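Novice:
Residue numbers (full-length UniProt numbering): 1 to 437.
1. Based on Cα-Cα distance, which residue from 285, 346, 351, 430 lies nearest to residue 311?
2. With a cut-off of 8 Å, do at least 3 Cβ pairs link the segment 160-173 to the segment 193-211?
3. In this structure, does DSSP put residue 81 in helix, strand or coil?
4. Use the C-beta contact count for residue 390: other C-beta atoms within 10 angstroms, 16 or more gives buried, fewer gives exposed.
5. Where does residue 312 sit, in a helix, a strand or coil, going by DSSP?
6. What separation, rounded to the nearest whole angstrom, lies between the Cα atoms of residue 150 and residue 198?
7. For residue 98, which residues of its own chain have a beta-carbon under 6 Å away from its beta-carbon, when the five flanking residues on both sides are left out?
8. Counting beta carbon pairs with one atom in the segment 10-25 and one in the segment 47-58, are three or more of them shorter than 8 Å?
9. For a minimum of 3 consecutive residues, which ranges assigned as the beta strand (DSSP E) are wholly contained in the UniProt domain "Response regulatory" (5-120)?
10. Determine, using beta carbons only, whether residue 273 and residue 147 come nearer to each other than 8 Å.
11. Bridge partners for residue 241 per DSSP, in chain order?
12. Write down the C-beta distance between residue 100 and residue 121 rounded to the nearest angstrom, noting that I regard them as a contact closer than 8 Å.
13. Find the nearest neighbour of residue 3 within the set 296, 21, 23, 27, judged by alpha-carbon distance.
14. Report yes if the C-beta distance between residue 142 and residue 50 is below 8 Å; otherwise report no.
15. Is it the case that the Cβ atoms of residue 82 and residue 107 are separated by a distance below 8 Å?
16. In whole angstroms, what is the alpha-carbon distance linking residue 421 and residue 206?
17. Quick check on the burial criterion: 16 or more other C-beta atoms within 10 angstroms. Buried or exposed for residue 315?
18. What would DSSP say about residue 254, mapped onto helix, strand or coil?
19. Identify the continuous alpha helix (DSSP H) that holds residue 205 and give its terminal residues.
20. Would you say the segment 210-229 touches the segment 152-160, given that touching needs at least three Cβ pairs under 8 Å?
21. Would you call residue 468 buried or exposed, if buried means 16 or more other Cβ atoms sit within 10 Å of its Cβ?
22. Let me know the secondary structure DSSP gives residue 166 once reduced to three states.
23. Expressed to the nearest angstrom, what Euclidean distance is found between the alpha-carbon atoms of residue 47 and residue 313?
24. For residue 329 and residue 257, which I take to be in contact (beta-carbon distance under 8 Å), what is that distance rounded to the nearest angstrom?
25. Only counting runs of 4 or more residues, tell me where the alpha helix (DSSP H) segments fall wholly within the segment 376-420, in order along the chain.
26. Within 10 Å of its beta-carbon, does residue 383 have 16 or more other beta-carbons around it, so buried, or fewer, so exposed?
27. Where do the ends of the alpha helix (DSSP H) carrying residue 438 lie?
28. Which residue from 288, 266, 278 puts its Cα closest to that of residue 238?
29. Assign residue 188 to buried or exposed, taking buried as 16 or more other Cβ atoms, counted over all protein chains shown, within 10 Å of its Cβ.
30. Within this structure, are the beta carbons of residue 297 and residue 327 separated by less than 8 Å?
31. Is the CB-CB distance between residue 334 and residue 289 below 8 Å?
32. Go to residue 148, then tell me how far its alpha helix (DSSP H) extends in each direction, as first and last residue.
33. So what does DSSP say about residue 202, is it helix, strand or coil?
34. Between the alpha carbons of residue 442 and residue 94, how many angstroms are there, rounded?
35. Give a yes or no on whether the C-beta atoms belonging to residue 34 and residue 20 are separated by under 8 Å.
36. So, does the segment 254-270 touch the segment 173-180, judging by three or more C-beta pairs under 8 Å?
This is how it looks when you write it as structure tokens:
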């Protein structure tokens, strides 16, 4: 996946370092410039997607830079202005000259990340670029099992309809990837809208749905719909109905994912029957990889051969012994774990052929990171060490559940993002090592 390139222009080194660390952890490609002249030089070397530009800097300040770009009509990037003592007049002036938004110092991390995300989306949409959405590899389900064959056949049938689809299954089974595949088969020339229920609550869901209204004749993918609260479910249903104009053929196909069977949540009064009926015109269950182990060799072979092209990992193939071992492995993390393991093994370098012993070592290491230390062992530790072990296990557990997304982890843990980043670094936890299939 190609990540947005962001240039931070600020004469305060502490601010540059803080924002750079946070955006790097959010998987942005980040560069910094100490002043306006440095920024101009870096833009000549490589054009960024977005510039975070401090207004008040010595010599060439942010407003002067903005005027220069505006006058020359030379702004192939989005600009968000930053200031510790900005005024409404300054913000208006910056907006007139092409700035997309304005954030005040001290900077709210949540506000900054939200501003960057929305600004990048608007900028890419204005460019009518294919890169507006993350790159999803569009491939049919891999494998010769009955499960894989039936899923391929189901997707062919869905390509001829515009039904709303509910996809459910355990974490890592490929629900969102399959939803994107459905969109591609049906609306390949249209832009897909992606939303994650973990980032939606009663306060922001109306604005989020309004800001991300899909194109007519396109698709909207909503992940983790089982995590929505009751009031949020009602607001979602209301918005979905607004997207559909009365007395017209359905314009928007809604594709939702869930880790739980929503019908069982309805019985517990934890999910709206009306919303379920709207979403589940067609239901797809994606079983655990353990129930389709005959597909493991083909899946391994695919990622071994394609990750070097997709993510530029070193090419390393699996030995026969390693393949046989993985063929009988339980795969508790499903397709996501399989892809992550291949990526880890290739990035580790070494011989071009990966042996069984190396595979076993990596699996053991990954399991240890997910396994809670026994209570008795913890009781023998000092309080500080026991607390650190618990915090590490807790954060790793939830990071795997949210596919390494720090924003979602902050919501689950109730921690402010800046403090959470600091805690992750203290515990030597790298969210980037946990990715999606």
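Ideal placement from N, C-alpha and C gives every residue a C-beta, glycine not left out. Since the model is a prediction, treat every value here as computed from it, not as a measurement.
Specialist: Result, derived from the coordinates:
1. Position 311 of the chain shown, counted from the start, is the residue given in the question as residue 311. It is 346 whose Cα lies nearest to the Cα of residue 311.
2. In short, these stretches do not touch, since the Cβ pair count stays below three.
3. By one-based count along the chain shown, residue 81 stands at place 81. For residue 81, the secondary structure class from DSSP, reduced to helix, strand or coil, is strand.
4. Position 390 of the chain shown, counted from the start, is the residue given in the question as residue 390. Residue 390 is exposed by the Cβ-count criterion.
5. The count along the chain shown starts at 1 and reaches residue 312 at position 312. Reduced to three states, the DSSP call for residue 312 is coil.
6. Along the chain shown, one-based indexing puts residue 150 at 150. Along the chain shown, one-based indexing puts residue 198 at 198. Annotation: residue 150 to residue 198 spans about 30 Å, alpha carbon to alpha carbon.
7. Sequence index remark: in the chain shown, residue 98 carries index 98 (1-based). The residues are 70, 75.
8. With the cut-off at 8 Å, the segment 47-58 and the segment 10-25 touch.
9. With a minimum length of 3 residues, the continuous beta strand (DSSP E) runs that stay inside the UniProt domain "Response regulatory" (5-120) are 5-9, 29-33, 50-54, 78-83, 101-104.
10. Within the chain shown, the letter at position 273 stands for residue 273. Within the chain shown, the letter at position 147 stands for residue 147. No, they are not a contact pair.
11. Position 241 of the chain shown holds residue 241. DSSP, once it has assigned bridges, lists no residue as partnering residue 241.
12. Locating residue 100 in the chain shown gives position 100, counting from the first residue. Locating residue 121 in the chain shown gives position 121, counting from the first residue. Contact annotation, residue 100 with residue 121: C-beta distance approximately 11 Å; criterion of less than 8 Å not satisfied.
13. Taking the first residue of the chain shown as 1, we reach residue 3 at position 3. Minimum Cα distance to residue 3 is reached at 27.
14. Reading the chain shown from its first residue, position 142 is the one you call residue 142. Reading the chain shown from its first residue, position 50 is the one you call residue 50. Going by C-beta atoms, residue 142 is not nearer than 8 Å to residue 50.
15. For this step, residue 82 is matched to residue 82 along the chain shown. For this step, residue 107 is matched to residue 107 along the chain shown. Cβ distance < 8 Å, so residue 82 and residue 107 count as in contact.
16. As a working mapping, residue 421 is identified with position 421 in the chain shown. As a working mapping, residue 206 is identified with position 206 in the chain shown. One C-alpha to the other measures close to 28 Å.
17. Within the chain shown, the letter at position 315 stands for residue 315. Under a 10 Å Cβ-count criterion, residue 315 is classified as exposed, with fewer than 16 other Cβ atoms of the shown protein chains found around its own Cβ.
18. Working through the chain shown from its first residue, we reach residue 254 at position 254. The answer is strand: DSSP assigns residue 254 an E or B state.
19. In the chain shown, counting from the first residue as 1, residue 205 sits at position 205. Residue 205 -> alpha helix (DSSP H) spans 205-211.
20. Too few Cβ pairs lie closer than 8 Å, so no.
21. Because the chain spans 1 through 437 in this model, residue 468 falls outside it and cannot be assessed.
22. Taking the chain shown and counting its residues from 1, one reaches residue 166 at position 166. In this structure, residue 166 counts as strand in the three-state DSSP scheme.
23. Here residue 47 refers to the residue found at position 47 when the chain shown is read from its first residue. Here residue 313 refers to the residue found at position 313 when the chain shown is read from its first residue. For residue 47 and residue 313, the distance between alpha carbons rounds to 25 Å.
24. Against the chain shown, residue 329 aligns to sequence position 329. Against the chain shown, residue 257 aligns to sequence position 257. Approximately 25 Å separates the beta-carbon atoms of residue 329 and residue 257; this is outside 8 Å, ruling out the contact.
25. DSSP runs (the alpha helix (DSSP H)) wholly in the segment 376-420: 383-401, 406-413.
26. As a first step, residue 383 is located in the chain shown; it is residue number 383 there, counting from the start. With fewer than 16 other Cβ atoms from the protein chains shown falling within 10 Å of its own Cβ, residue 383 counts as exposed.
27. Residue coverage of the chain in this structure runs from 1 to 437, which leaves residue 438 outside it and unanswerable.
28. Translated into the one-based positions of the chain shown, residue 238 becomes position 238. Ranking the options by Cα distance to residue 238, first place goes to 278.
29. Along the chain shown, read from residue 1 onward, the residue named residue 188 stands at position 188. Classification for residue 188: exposed.
30. Numbered from its first residue, the chain shown carries residue 297 at position 297. Numbered from its first residue, the chain shown carries residue 327 at position 327. Taking 8 Å as the Cβ cut-off, residue 297 and residue 327 qualify as a contacting pair.
31. Here the question's residue 334 lines up with position 334 in the chain shown. Here the question's residue 289 lines up with position 289 in the chain shown. Result yes, Cβ atoms of residue 334 and residue 289 sit closer than 8 Å.
32. Along the chain shown, one-based indexing puts residue 148 at 148. Where residue 148 is concerned, the enclosing alpha helix (DSSP H) stretches over 146-158.
33. Here residue 202 refers to the residue found at position 202 when the chain shown is read from its first residue. Residue 202 falls in the coil class under three-state DSSP.
34. Absent from the model: residue 442. The displayed extent of the chain is 1 to 437, so no value can be given.
35. Residue 34 sits at position 34 when you count from the first residue of the chain shown. Residue 20 sits at position 20 when you count from the first residue of the chain shown. At the C-beta level, residue 34 and residue 20 stay beyond 8 Å of one another.
36. With a cut-off of 8 Å, the segment 173-180 and the segment 254-270 count as touching, because enough Cβ pairs lie within range.
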